[in-house]
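Colleague:
Residue numbers (the numbering used here): 10 to 1071.
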């Protein structure tokens, strides 16, 4: 035995001697892009004639062991030209510069998940990326707007008038019912809690959208709606100072008050005369409540009472017919909105440090006079390499101050024939609030002037909002061993917002309030229950969060064919917010003082005679959310062709009480990839790259308003106008079974590059299943509560993302095409609370009604049976027969009896972008399209007509004589008030149509000068013209002007800008 041990020891010594005899030498350095000097991770560095090699790590760093010298290195990476370099070993700090391939795959080749950067060719998940050129292509003040119509799977809800916060975008449909539908925003590797206005697009270097479980599950319970990862600009090591300047001016199309087609004003006057003669206004004209009555009716009433002559009546009616308040608004209030955007960026670095400093200024004038907003952004990031480059330290600060000023009151609710100015330009009073007869009757009592002069109000009531948003971060990275790194990232975020609305005593809103709560004594004395002076409303909100992440990363390559990437760590986050609002009466802007009022005593209002309390406007609210997470990820590559990825994350939150099993949820994913083009049997001059990938896993979603504990609103005694006691309203009963929502996602994709790079793109199919979704479920009345929020609902979404890029022509004149198509098919698969027919008919994008088996955003209607040939009444179906019994048609309607048309959101959408280049010129044209959805167009509301509003121009096409039903679907004017009739017609299938359309979205024309075309100081310069929203090229329904904007006008814009690099 001893002899055996001795021989073994000798063998080991000989082996070690042989190894040392080979004299291992180290070659280390970085691989960078020739274009900008930025390091490239994921580059293959192979020894020629050997299977040995490594892959570059973060910032392009690599370290290779060799036993001979010189050696030849083969450096290759997709999108760049392969290089062969002969190197004398050992060698340190060598820099390998790769030149982009003319036929490179379009788009971002290095993707960021917020936890790591990885080459696109080695990703098994679903990503969509924009590099800086694509980010800079569009002109906007909002970074998310720059993703529109260039990002597969990302859909914008353009009709912003009907959406709530965060509802403007969705990634691959919606997989939740009551929880947040907005994607998670990540900025520089950590979740961003602030407003999107806090991100200056000019500071952004790239954007990556994470769409499936393999890409996004590392973000756990916040990734169910997808993740948008934003990477800001950074400095570069070993780079001289570089200065980039950006400036642009954008002019918007002026708002057209005549955009929405309306009936003729003369016809409205005739209608009001008809209503007056039919006695419609009799109750209002004789009411002791002094309601506001249509001026036409007031003139007719004055004539009947003998207050005016027939000639005066005719003159007044003629004046109404020839007046249009929309024209006055266009002349006096509207203007072209104008945005100005300026930014300067300084960056550079030495051997052991890099830096970036950015300053941005946005100055915007809105489309209405007296309204404007501005934004000042300041950011800096510093990074150092210390301790022989083993230690990396970074600090950064991002500060945004946004201001808005609104000096324009709410100019609406006019009668269509009101006049705001006379022929000499003098501002005129218009009726508001109460009848002019009442105001004239109290004009001699010593009250404040009760006239409403809209144009005099401009600049009187001022709403000023100021917000400060700041992020500060710090990072530490330490290389423990070759391939083993530890990092620590911390971020502090704070946002403060202040809103102040001052309505001085000269404004109508304050004068009206004071007059209404003035008590006139028998001796004519005045008691002001609302004190003389201004009314000041103030709102304050403050939020802040702490976010800390610790992470270990291990990267190893061996035997030339194996690469292993591991990372894991923890994350803790605490977020707190609070808001406070208050109102001050009798406010003196000079002294800053106010006067107390009695909120508890009900006062008889002078105008209406109703007994009411003085409006009370004060409230407090606050939230605290805490999260603790652990995560891990593994990526393995074999022979640069077989890919394996897996990740797991466990999140816990204070939202779910103390039950640990329900407080924490594990979310995970697994992905596989196979680079077929690396196989011998796929070697072809026509196939440069072909990869098959698949992933499966679970993401999560949260609803901060849902909690396992009882929550309630507390109301002070001043808010209870009847009993004068404090009260408590329970908003959420206890729910110990509450848990996270889960989103199960399956994704299969194929990436390709063919014909020497002339064709490239991807084809993906995905399936998303929402599980344990929160839904409202009714409770027994004996509980004292109406409903509870429980985990019981589910959804199913399937779809495709298809991308095709082509290089049609190359050379001095080039032509490239980028096309994408996204299909989304979504439905609610489990929701046991059946909605009412009325809920389904009142569709709203920000408050959809779930209905099992159908899309969440479904469009429903009453079945329309045409018009009655004798009366012109709209007909529906009752027991299968045409009927005009509107009470029965509405009250007996069920979800099953309604017509389900389809989704109210596009089920197919995309864009095709053609780019033409000739020497320094660059022309890009983007055409977008939306298919497979329905909209409900505006119809003639006879109820609105009776209230004195201008209704749709189709009023002129209404049924008037027998036989008209052959040519129109607009009902007759019944002449009276029939709300059920109007309700049935406006929700009937006659007004539902397809929203499919094709739009010329934008055109960009640019000219670039390189260093040869500028002075020595200027390295590059680009001047550009960008025009956006040029109009509809085709639409399925001619009855609507723009299916994307059914209730508002889509404003076109034109931008002129310049970019310079020094």
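Beta carbons: idealized from backbone N, C-alpha and C, even for Gly.
All figures in this text were calculated on a predicted structure; none of them were measured in a lab.
Using the three-state DSSP reduction, which class does residue 1061 fall into: helix, strand or coil?
Modeller: It is coil, neither helix nor strand.
Colleague: Kindly indicate which residue of 510, 492, 442 has the alpha-carbon position closest to the one of residue 468.
Modeller: Per the Cα distances, 510.
Colleague: Exposed or buried, which one is residue 1006 when buried takes at least 16 other CB atoms within 10 Å?
Modeller: It counts as buried.
Colleague: With 16 other CB atoms within 10 Å as the buried threshold, where does residue 78 fall?
Modeller: Answer is exposed; the Cβ neighbour count stays below 16.
Colleague: If I follow the unbroken alpha helix (DSSP H) through residue 9, where does it start and stop?
Modeller: Coverage of the chain is limited to positions 10 through 1071, which leaves residue 9 absent and any answer about it impossible.
Colleague: Kindly indicate which three-state DSSP category residue 208 falls into: helix, strand or coil?
Modeller: Note: residue 208 maps to coil in three-state DSSP.
Colleague: Quick one, are the C-beta atoms of residue 628 and residue 583 less than 9 Å apart?
Modeller: No, they are not a contact pair.
Colleague: Taking its Cβ as the centre, do 16 or more other Cβ atoms sit within 10 Å of residue 122, making it buried, or is it exposed?
Modeller: Its Cβ being crowded by 16 or more others within 10 Å, residue 122 is buried.
Colleague: Which first and last residues belong to the alpha helix (DSSP H) in which residue 128 is found?
Modeller: Where residue 128 is concerned, there is no enclosing alpha helix (DSSP H), although the beta strand (DSSP E) it sits in stretches over 126 to 128.
Colleague: Taking DSSP as the reference, what is the three-state secondary structure of residue 178?
Modeller: Note: residue 178 maps to strand in three-state DSSP.
Colleague: Excluding the five sequence neighbours on either side, which residues of its own chain have a C-beta within less than 8 Å of the C-beta of residue 109, listed in chain order?
Modeller: Cβ within range, chain order: 42, 43, 44, 88, 89, 90.
Colleague: Quick one, are the C-beta atoms of residue 866 and residue 884 less than 9 Å apart?
Modeller: No, the pair does not count as a contact, with Cβ atoms beyond the cut-off.
Colleague: According to DSSP, what are the bridge partners of residue 1002?
Modeller: Its beta-bridge partners are 944.
Colleague: Quick check: the Cα distance between residue 1072 and residue 379, rounded to an integer number of angstroms?
Modeller: No answer is possible for residue 1072: the residues shown for the chain start at 10 and end at 1071.
Colleague: How about residue 944 and residue 921: do their beta carbons lie closer than 9 Å?
Modeller: No, these two residues do not count as a Cβ contact at 9 Å.
Colleague: Are there three or more Cβ pairs, one per stretch, closer than 8 Å when the stretch 423 to 432 is compared with the stretch 399 to 414?
Modeller: In short, these stretches do not touch, since the Cβ pair count stays below three.
Colleague: Between which residues of its own chain and residue 601 is the CB-CB distance below 7 Å, once the five residues before and five after are set aside?
Modeller: Taken in chain order, the list of residues that qualify is empty.
Colleague: Taking residue 300 and residue 234 to be in contact with their CB atoms under 8 Å, please state how far apart those CB atoms are, rounded to whole angstroms.
Modeller: Contact doesn't hold; Cβ gap of about 47 Å is too wide.
Colleague: Short of 8 Å in beta carbon distance, which residues of its chain neighbour residue 614, apart from the five on each side in sequence? Order them along the chain.
Modeller: 525, 526, 620, 621, listed in sequence order.
Colleague: What are the start and end residues of the beta strand (DSSP E) that includes residue 558?
Modeller: Segment 543 to 567, the beta strand (DSSP E) holding residue 558.
Colleague: So, helix, strand or coil for residue 760, using DSSP?
Modeller: Note: residue 760 maps to strand in three-state DSSP.
Colleague: Are the stretch 443 to 453 and the stretch 366 to 373 touching, with three or more C-beta to C-beta distances below 8 Å?
Modeller: Counting Cβ pairs under 8 Å, fewer than three are found: no touch.
Colleague: According to the neighbour-count rule (16 or more other Cβ atoms, all chains shown, within 10 Å of its Cβ), is residue 535 buried or exposed?
Modeller: Exposed: under 16 other Cβ atoms inside 10 Å.
Colleague: Taking a contact to mean a Cβ-Cβ separation below 9 Å, would you say residue 838 touches residue 182 in this structure?
Modeller: Cβ distance not < 9 Å, so residue 838 and residue 182 don't count as in contact.
Colleague: By the 10 Å Cβ neighbour count, where 16 or more other Cβ atoms means buried, how is residue 579 classified, buried or exposed?
Modeller: Residue 579 should be labelled exposed.
Colleague: In whole angstroms, what separates the C-alpha of residue 978 from that of residue 1050?
Modeller: Rounded to whole angstroms, residue 978 to residue 1050 spans 19 Å at the Cα level.
Colleague: Please confirm whether any heavy atom of the ligand MN lies closer than 8 Å to the CB of residue 596.
Modeller: You won't find the ligand MN in this model; it holds no ligand whatsoever.
Colleague: Could you compute how far the alpha carbon of residue 1047 sits from the alpha carbon of residue 997?
Modeller: Going by the C-alpha atoms only, they are around 18 Å apart.
Colleague: Could you check the C-alpha separation between residue 861 and residue 869 for me, to the nearest Å?
Modeller: One C-alpha to the other measures close to 14 Å.
Colleague: For the stretch 500 to 507 against the stretch 475 to 489, do three or more pairs of beta-carbon atoms, one drawn from each stretch, fall closer than 8 Å, so that the two count as touching?
Modeller: Yes: the two stretches touch, three or more of their Cβ pairs being nearer than 8 Å.
Colleague: DSSP has residue 481 in a bridge; who is on the other side?
Modeller: According to DSSP, which records beta bridges pairwise, residue 481 is partnered with 406, 501.
Colleague: State whether the stretch 747 to 761 contacts the stretch 705 to 715, with contact taken as three or more CB pairs (one from each stretch) at a distance under 8 Å.
Modeller: Contact between the stretch 747 to 761 and the stretch 705 to 715 is present, because at least three Cβ pairs lie under 8 Å.
Colleague: Could you check if residue 142 is buried or exposed, using at least 16 other CB atoms within 10 Å of its CB as the buried criterion?
Modeller: The residue is exposed, with fewer than 16 neighbouring Cβ atoms inside 10 Å.
Colleague: For residue 1035, tell me which candidate among 1063, 625, 507, 457 has the shortest Cα-Cα distance.
Modeller: Considering only alpha carbons, the answer is 1063.
Colleague: Mapping DSSP to helix, strand and coil, what is residue 685?
Modeller: Of the three classes helix, strand and coil, the one that applies to residue 685 here is helix, per DSSP.
Colleague: Mind checking whether residue 36 and residue 82 have CB atoms under 9 Å apart?
Modeller: Their beta carbons are under 9 Å apart, which means residue 36 touches residue 82 by this criterion.
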